[in-house]
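Participant: Count along the sequence shown starting at 1, add 174, and that's the number in this note's numbering.
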Amino acid sequence: MNAIEVRDVHKVYRRYGRRKNFGTLKSALLTGRVFQDLRPDAVFEALKGVSFNVPQGATFGVIGRNGSGKSTMLKLIAGIGKPTSGTVAVRGRISALIELGAGFHPEISGRENVFINGMMLGLSKGEITKRFEEIVAFAELEDFIDAPVKTYSSGMYMRLGFAVAINVDPDVLLVDEVLAVGDESFTHKCLDKFAEFRRRGRTVVLVTHALDLVTRFCDEAVWLDAGFARLQGDPQRVIDAYRIDVARGEDEVMAKGEAREHEPISAPPASSLNPDPGSLIPDNMFQANEGRWGTREAEIVGVELRRADGTPTHIFQSGDAMEIHLRVRAHQPLTDFVFGVGIFNVEGVCCFGTNTLIEGAEPGELTGEAEVGFVVDRLDLVEGTYKLDVAVHRANGAPYDYHRLLHTFRVTSALNDTGIYRPPHRWTFSGGVRISSPPKHARS
């Protein structure tokens with residue numbers, strides 16, 4: 175049996191401009207513009223034919239970008255709004271924690287708000303009285319329950335709202351991204367409550383950007399994208415498809431940004447080339463800000479990041495191969511040249527740097543057009559955004575063309591490692607330790 179059935183749901187919002195100004199009702203009627211000016215400027219379709227079922231007793235995740243329709247869908251399930259077309263059917267008592275402090279009156283105490291909210295959720299005064307101490311203890315507000323709610327912090331608001339929502343013993347609990355404002359201890363308490371709900375056969379619908387929560391708790395998930403249900407089913411399968419789409423979007427944004435900001439700069443006239451880089455070049459490139467320096471006797475006219483199969487990209491999975499390809503143009507024959515690469519995190523910490531001189535390559539001659547490749551067999555970095563330095567310079571360090579932090583790429587990971595480097599590793603266990611499920615993502 176399904177606890178929730180959503181059938182071909184559309185939800186349209188009407189948007190009005192700021193130009194609807196009337197002097198008086200009489201003037202509006204006399205000009206005949208009253209009905210015309212009350213028409214919306216535009217409509218926005220938040221949901222576009224969404225359909226899915228949530229089985230009774232299931233924990234169901236809803237994921238997607240901001241503005242994809244997740245919160246709108248939850249409000250329709252909660253009965254806060256009605257679909258423009260289509261149907262939403264829910265079986266059992268609903269408790270919704272959708273907006274922080276929604277339904278709380280700021281001028282009255284937490285105690286009074288508990289009773290008011292409990293009655294709104296279908297409990298009698300006697301039932302609330304029996305559960306009151308448990309609610310207050312769960313919210314950790316024993317010392318503040320008689321203070322006006324307007325004096326509460328955002329975390330206190332959230333804790334009280336969550337405590338009321340879960341203690342009315344609902345058949346269906348709706349939760350929208352509220353755990354983001356809780357401290358770690360309270361978050362663990364909420365997650366334990368979710369696990370208890372699952373054991374008791376209650377239905378939970380969880381809207382969140384925390385994808386690890388979806389894989390940990392949810393039996394099924396749906397991915398909403400621009401109002402459409404793109405995919406529903408096994409949480410890991412849905413999340414993997416969502417991550418691929420997000421990575422594709424990030425890749426396009428990064429590619430456009432580099433194309434706009436780092437267009438190839440034409441070389442200066444040969445007569446103006448100066449082998450002495452001069453005082454404008456920073457003494458220490460690793461401490462310099464973003465920029466580009468050099469005499470341009472040799473010039474980097476293109477930088478492309480590729481996967482192992484040669485596909486251009488700016489998004490890599492931790493542990494995958496990465497290739498950096500430099501297109502170089504020498505405006506005169508050169509026998510003194512070195513190629514260099516540096517990888518930095520967004521805080522400016524150097525993760526790795528090397529060049530052909532350090533690694534023992536002896537230069538011969540550089541003329542005309544050339545391509546230089548730097549291949550990383552395994553990019554063992556933790557998830558994050560990284561910047562590249564690329565350069566062609568003399569053996570003494572004087573740059574022909576130095577690109578400082580001008581090229582960006584992202585590393586994604588299903589894990590939450592900290593630091594910068596993720597070395598190949600494995601876990602071993604012996605003696606009195608028993609592991610029910612061994613680590614799945616260690617690399618060796």
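The beta-carbon is built from N, C-alpha and C at its ideal position, and this holds for glycine as well.
Just to confirm the assignment, what range does the alpha helix (DSSP H) spanning L385 have?
Facilitator: The count along the sequence shown starts at 1 and reaches residue 385 at position 211. Note, L385: alpha helix (DSSP H), L385 to F391.
Participant: Under 7 Å, do T377 and Q230 count as touching if we go by C-beta distance?
Facilitator: Your numbering for residue 377 matches position 203 in the sequence shown. Your numbering for residue 230 matches position 56 in the sequence shown. Contact: yes.
Participant: Taking only three categories from DSSP, how would you classify K299?
Facilitator: As a first step, residue 299 must be located in the sequence shown, where it is residue number 125. Helix at K299.
Participant: Is the segment 233–253 touching the segment 390–400 in the sense that three or more CB pairs, one from each, lie closer than 8 Å?
Facilitator: The segment 390–400, when compared against the segment 233–253, does touch it at the 8 Å Cβ threshold.
Participant: Taking only three categories from DSSP, how would you classify M496?
Facilitator: Residue 496 sits at position 322 when you count from the first residue of the sequence shown. Here M496 sits in strand by DSSP.
Participant: Classify W397 as buried or exposed, calling it buried when 16 or more other Cβ atoms lie within 10 Å of its own Cβ.
Facilitator: Along the sequence shown, one-based indexing puts residue 397 at 223. The residue in question, W397, is buried, as its Cβ has 16 or more Cβ neighbours within 10 Å.
Participant: Three or more C-beta pairs under 8 Å: does that hold for the segment 487–498 against the segment 528–535?
Facilitator: No: the two stretches stay apart, fewer than three of their Cβ pairs being nearer than 8 Å.
Participant: I'd like to know whether the C-beta atoms of V262 and I254 end up nearer to each other than 7 Å.
Facilitator: Walking along the sequence shown from the start, residue 262 turns up at place 88. Walking along the sequence shown from the start, residue 254 turns up at place 80. No, the pair does not count as a contact, with Cβ atoms beyond the cut-off.
Participant: Within 10 angstroms of its Cβ, does K185 collect 16 or more other Cβ (buried), or is it exposed?
Facilitator: Working through the sequence shown from its first residue, we reach residue 185 at position 11. Its Cβ being crowded by 16 or more others within 10 Å, K185 is buried.
Participant: At the level of alpha carbons, what is the spacing between A482 and L553?
Facilitator: Numbered from its first residue, the sequence shown carries residue 482 at position 308. Numbered from its first residue, the sequence shown carries residue 553 at position 379. Whole-angstrom Cα-Cα distance: 11 Å.
Participant: Since L248 is in the alpha helix (DSSP H), which residue starts that stretch and which ends it?
Facilitator: Counting from 1 along the sequence shown, the entry for residue 248 is found at position 74. First-last of the alpha helix (DSSP H) with L248: K244 to A252.
Participant: So what does DSSP say about I609, is it helix, strand or coil?
Facilitator: Residue mapping note: residue 609 aligns to position 435 of the sequence shown, counting from 1. The answer is coil: DSSP assigns I609 none of H, G, I, E or B.
Participant: Once DSSP output is grouped into helix, strand and coil, what is the label at H279?
Facilitator: For the purposes of this step, residue 279 is identified with residue 105 of the sequence shown, where counting begins at 1. Three-state result, H279: coil.
Participant: Do three or more CB pairs link the segment 500–518 to the segment 540–550 at distances below 8 Å?
Facilitator: With a cut-off of 8 Å, the segment 540–550 and the segment 500–518 count as touching, because enough Cβ pairs lie within range.
Participant: Is P443 helix, strand or coil when you go by DSSP?
Facilitator: Numbered from 1 along the sequence shown, position 269 holds the residue referred to as residue 443. Bear in mind that a pLDDT of 40 at P443, under 50, signals an unreliable position, so the model cannot answer this.
Participant: Tell whether a beta-carbon distance below 7 Å holds between E478 and D575.
Facilitator: Position 304 of the sequence shown, counting from 1, holds the residue named residue 478. Position 401 of the sequence shown, counting from 1, holds the residue named residue 575. No; because the gap between Cβ atoms is not below 7 Å, this pair is not in contact.
Participant: Going by C-alpha distance, which of I489, V224 and N519 is nearest V420?
Facilitator: Translated into the one-based positions of the sequence shown, residue 420 becomes position 246. Nearest of I489, V224 and N519 to V420, Cα basis: I489.
Participant: Tell me whether the beta-carbon of V549 lies closer than 7 Å to the beta-carbon of G593.
Facilitator: For this step, residue 549 is matched to residue 375 along the sequence shown. For this step, residue 593 is matched to residue 419 along the sequence shown. No. Outside cutoff.
Participant: Just to confirm, are V323 and N287 a CB contact at a threshold of 7 Å?
Facilitator: Taking the sequence shown and counting its residues from 1, one reaches residue 323 at position 149. Taking the sequence shown and counting its residues from 1, one reaches residue 287 at position 113. Yes. Within cutoff.
Participant: Within the same chain, show all residues whose beta-carbon is closer than 6 Å to that of F526, passing over the 5 residues directly before and after it, in chain order.
Facilitator: Position 352 of the sequence shown, counting from 1, holds the residue named residue 526. Excluding residues within five positions, the ones whose Cβ falls inside 6 Å are I517.
Participant: For F402, which residues of its own chain have a beta-carbon under 6 Å away from its beta-carbon, when the five flanking residues on both sides are left out?
Facilitator: Your numbering for residue 402 matches position 228 in the sequence shown. Once the five neighbours on either side are set aside, the close Cβ partners of F402 are K222.
Participant: Can you tell me the Cβ-Cβ gap for H567 and V512, rounded? I've got them flagged as a contact below 8 Å.
Facilitator: By 1-based counting over the sequence shown, the position of residue 567 is 393. By 1-based counting over the sequence shown, the position of residue 512 is 338. The pair is a contact, with the Cβ atoms about 5 Å apart (cut-off 8 Å).
Participant: If you draw a straight line from the alpha carbon of V515 to that of A400, how long is it in whole angstroms?
Facilitator: Translated into positions along the sequence shown, residue 515 becomes position 341. Translated into positions along the sequence shown, residue 400 becomes position 226. Near 40 Å, if we compare the C-alpha coordinates of A400 and V515.
Participant: Residues in its own chain within less than 6 Å of D350 by CB, not counting five upstream and five downstream?
Facilitator: If you number the sequence shown from 1, residue 350 lands on position 176. Correct list, in chain order: S245, L248, I272 and V381.
Participant: Do R285 and I319 come within 7 Å of each other at the CB atom, strictly closer than that value?
Facilitator: As a position in the sequence shown, residue 319 is number 145, starting the count at 1. As a position in the sequence shown, residue 285 is number 111, starting the count at 1. Yes, the pair counts as a contact, with Cβ atoms nearer than the cut-off.
Participant: Please give me, in chain order, every unbroken run of the beta strand (DSSP E) with length at least 3 that falls completely inside the segment 399–438.
Facilitator: For the segment 399–438, whole beta strand (DSSP E) runs of length 3 or above, ordered along the chain, are 402–407.
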